[in-house]
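K.L.:
Take my numbering: the last position of the sequence shown gets the number 467, and nothing is skipped along the way. For each residue, glycine too, the CB sits at the ideal point set by N, CA and C. Keep in mind it's a predicted model, so treat the numbers as computed, not measured.
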Amino acid sequence: MASDQKKEGLFKRLLHVFYDKKESERYSFSKIGKMRIHDVTDAKTMRAIYRDMDHFSGVEFVRKTFKKLIGSGLIMDEGESWEAMHKILMPSFTPTAVEKNIAPIALEECNKMLDRWEKQGRVADIEKEMKDMTGRVIMRALFSDTVNEKDGQEIIDSIAHAMGGAKQPKGFDRIKRKLNIPYDHAGFLPPFIMRILGTGYERAASVPKRFTDATEKVDKIIYRIIEERKKLATQPDDILGRLINARRDGKPLPDSEIRDQALMVVVTGHETTAEGMTFSLLELMKNPDKQTSLRNEFNTVAKDNKLAGKDFSRLPKAQNAFKEALRMHPTVFMSTREVAEDTELNGVSYKKHDLVRMDLRKVHKDPEYWPEPDAYKPERFEKDKFPQAFMPFGTGPRVCLGMNMSLMEGALMLSQIFNRLDIKAEKFPDGEEYFFTTRPKGTFDISVTARPQPEVKPGPGIVPPAP
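(1) Looking only at its chain, what residues have a beta carbon closer than 6 Å to the beta carbon of serine 335, apart from the 5 residues adjacent to it on each side?
(2) May I have the straight-line CA-CA distance separating alanine 490 from aspartate 42, to the nearest angstrom?
(3) In three-state DSSP terms, what is tyrosine 223?
(4) Taking glutamate 108 as part of the alpha helix (DSSP H), name the residues at either end of that continuous run.
(5) Taking 8 Å as the cut-off, is the C-beta of alanine 318 nearer than that to any heavy atom in the ligand MN?
(6) Please list, in chain order, all residues of the same chain as glutamine 453 whose beta carbon is under 7 Å from its beta carbon, the five residues on each side excluded.
(7) Return helix, strand or coil for glutamate 78, following the three-state DSSP convention.
(8) Could you give the distance in angstroms between the alpha-carbon of glutamate 409 and the alpha-carbon of glycine 33?
(9) Taking the beta carbon of arginine 259 as the centre, do at least 16 other beta carbons fall within 10 Å, making it buried, or is it exposed?
(10) Use the C-beta contact count for threonine 292: other C-beta atoms within 10 angstroms, 16 or more gives buried, fewer gives exposed.
(11) If you run the structure through DSSP and keep just helix, strand and coil, what is glutamate 344?
(12) List, from N- to C-terminal side, the alpha helix (DSSP H) runs of 4 residues or more that fit wholly inside the region 344-386.
(13) Relative to the C-alpha of arginine 248, which residue among Leu360, Leu315 and His86 is closest?
(14) Using the three-state DSSP reduction, which class does glutamate 455 fall into: helix, strand or coil?
(15) Mark arginine 398 as exposed unless 16 or more other C-beta atoms lie within 10 angstroms of its C-beta, in which case mark it buried.
(16) Cα separation between aspartate 374 and asparagine 346?
(17) Taking buried to mean at least 16 other C-beta atoms within 10 Å of its own C-beta, is glutamate 127 buried or exposed?
(18) Under the three-state reduction of DSSP, which class applies to threonine 146: helix, strand or coil?
(19) Return the CA-CA distance between alanine 84 and asparagine 111, expressed in angstroms with no decimal places.
(20) Would you mind sorting asparagine 299 into buried or exposed? The rule is 16 or more other CB atoms within 10 Å of its CB.
(21) In the structure shown, what three-state DSSP assignment does serine 293 receive?
(22) Just reading off the alpha helix (DSSP H) that lysine 317 is part of, what are its end residues?
(23) Mind reading off the beta-carbon distance from threonine 273 to threonine 437? Whole number of angstroms is fine, and I expect it under 8 Å.
(24) Cutting at 7 Å between CB atoms, please list the residues of its own chain near lysine 67, excluding the five before and the five after it.
(25) Just how far apart, CA to CA, sit isoleucine 446 and leucine 282?
(26) Rounded to the nearest angstrom, what separates glycine 200 and valine 356 at their Cα positions?
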């Protein structure tokens, strides 16, 4: 009995140390115990924070959690080592490299998926379909043909389990409301709150364990692939080959670092595209007139009823359809920074170790930036391809490495899907939920029917087959 009263007392104390002091429409300051938190949703200020790597860095307790999965992967790094690895990886993700090496894979995997959909007629759980497809794309871009389908799917499934939502501990919804926690996952509570609530609560949050379970399975596969690839006289032109060929101070990267960067590419290289595609299909189901414009655009651009990577720039309507879904449903919905050194920005003082939270759900739905913010209007992007308040990939020096890949994949695949299929929604999800990324709450199911395709006429000098 005394123990229960003690726990209840701790809970009440925890709730009472929180207070919120609203400063302006797009800025607020709050405290949880000694933790000082700045919530910023002003687009100009957010861009300044993203660009100022000297004063705003990654959050240490978040880094410690994610290191259990991706180790010292690029997004966990800072300073000179980040700059060095960024130079190694960046050439694989330029628009030219994506068009040449990744877009053909994306179109091929998309068509394989659509072939299967046509046979099935009804497709359950579009989010999983998209994650599996984009996962296969990044696997091939990373490993070429040195990973078999079984091992590739094992990696994708293990990561999906690690990143997926766990059952949340009792009382979390109450704590979330009182402490203004923007996530639907207890694993994002600051460590000192975990300690107050007790080890049972920390275990229930289960983030570290899910990451550990995933890495045990994934590491066996990735280290084996690295070992096999190092035996080759010449490395294939893929991301793993670039990592194996890289040199730092004249020495090759250790296998552990190659593993960390490879797994980071897998984790971050398909999630945004998969969720963006899921929500693009959802919004296009609700707005069928936008489907017609995609089909008309495909017919204008495609040669012999086929798309190529170079067609991306000629698909503005498909690009905008994908971007608008990312605006309404930003995959990485919350960006958090820790203040590295005392600084002042736009009249606000930021102290060392303060947390800065930037909620893209709010800035992407701010009516001052976006008239009719809840309406799906891809035409918003016709005048300005990247408006100031559009930041699904971040901005500045640490803008998402895979931005070009995600945008190109999204546009090409949307165009291909709606050219080949008529799609009907059978079950819409029940809103959204927010774990590591924005996800549909519940499954999104569709039924599909193949659309009549124009006959491809043989070119000059080509004799058609006899009937």
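P.N.:
Per the coordinate set shown:
(1) Start at 1 with the first residue of the sequence shown, and residue 335 comes out as number 335. If we look at serine 335 and ignore the five residues flanking it on each side, its Cβ neighbours are Met358.
(2) Any property of residue 490 remains undetermined from this structure, which presents the chain solely from 1 to 467.
(3) Residue 223 sits at position 223 when you count from the first residue of the sequence shown. It is helical.
(4) The residue labelled residue 108 in the question sits at position 108 within the sequence shown. Where glutamate 108 is concerned, the enclosing alpha helix (DSSP H) stretches over 103-120.
(5) Looking at this structure, you won't find the ligand MN or any other ligand, since it has none at all.
(6) Translated into the one-based positions of the sequence shown, residue 453 becomes position 453. Once the five neighbours on either side are set aside, the close Cβ partners of glutamine 453 are Asn305.
(7) In the sequence shown, the residue the question calls residue 78 occupies position 78. In the structure shown, glutamate 78 sits in coil (DSSP, three-state: anything other than H, G, I, E or B).
(8) Position 409 of the sequence shown holds residue 409. Position 33 of the sequence shown holds residue 33. Cα to Cα, glutamate 409 sits roughly 44 Å from glycine 33.
(9) By 1-based counting over the sequence shown, the position of residue 259 is 259. With 16 or more other Cβ atoms within 10 Å, it is buried.
(10) Mapped onto the sequence shown, residue 292 falls at position 292. Exposed, by the Cβ-count rule.
(11) Sequence index remark: in the sequence shown, residue 344 carries index 344 (1-based). Three-state result, glutamate 344: strand.
(12) Counting whole runs of 4 or more residues, the region 344-386 contains the alpha helix (DSSP H) stretches 360-363.
(13) The residue given as residue 248 occupies position 248 in the sequence shown. Cα-wise, what sits closest to arginine 248 is His86.
(14) Here residue 455 corresponds to residue number 455 of the sequence shown, with the count starting at 1. If DSSP states are grouped into helix, strand and coil, glutamate 455 belongs with coil.
(15) Along the sequence shown, one-based indexing puts residue 398 at 398. Under this definition arginine 398 is a buried residue.
(16) Residue numbering aside, residue 374 sits at position 374 when the sequence shown is read from its first letter. Residue numbering aside, residue 346 sits at position 346 when the sequence shown is read from its first letter. Aspartate 374 and asparagine 346 have their C-alpha atoms some 29 Å from each other.
(17) Translated into positions along the sequence shown, residue 127 becomes position 127. Buried, since its Cβ has 16 or more Cβ neighbours within 10 Å.
(18) The count along the sequence shown starts at 1 and reaches residue 146 at position 146. Threonine 146 falls in the coil class under three-state DSSP.
(19) Within the sequence shown, numbered from 1, the residue matching residue 84 stands at position 84. Within the sequence shown, numbered from 1, the residue matching residue 111 stands at position 111. Distance between the alpha carbons of alanine 84 and asparagine 111: 37 Å.
(20) Taking the first residue of the sequence shown as 1, we reach residue 299 at position 299. The residue is exposed, with fewer than 16 neighbouring Cβ atoms inside 10 Å.
(21) Residue mapping note: residue 293 aligns to position 293 of the sequence shown, counting from 1. Helix at serine 293.
(22) For the purposes of this step, residue 317 is taken as residue 317 along the sequence shown, with counting starting at 1. Taken as a continuous stretch (DSSP letters only), the alpha helix (DSSP H) holding lysine 317 covers 316-328.
(23) The residue given as residue 273 occupies position 273 in the sequence shown. The residue given as residue 437 occupies position 437 in the sequence shown. No, threonine 273 and threonine 437 are not in contact; Cβ-Cβ is about 11 Å, not under 8 Å.
(24) For this step, residue 67 is matched to residue 67 along the sequence shown. Excluding sequence neighbours, lysine 67 sits near Met76.
(25) On the sequence shown, position 446 is the one that residue 446 refers to. On the sequence shown, position 282 is the one that residue 282 refers to. Computed Cα separation, rounded: 10 Å.
(26) For the purposes of this step, residue 200 is taken as residue 200 along the sequence shown, with counting starting at 1. For the purposes of this step, residue 356 is taken as residue 356 along the sequence shown, with counting starting at 1. Its pLDDT being 49, under 50, glycine 200 is placed unreliably in this model, and the value from its coordinates should be taken loosely. So the two alpha carbons sit approximately 29 Å from each other.
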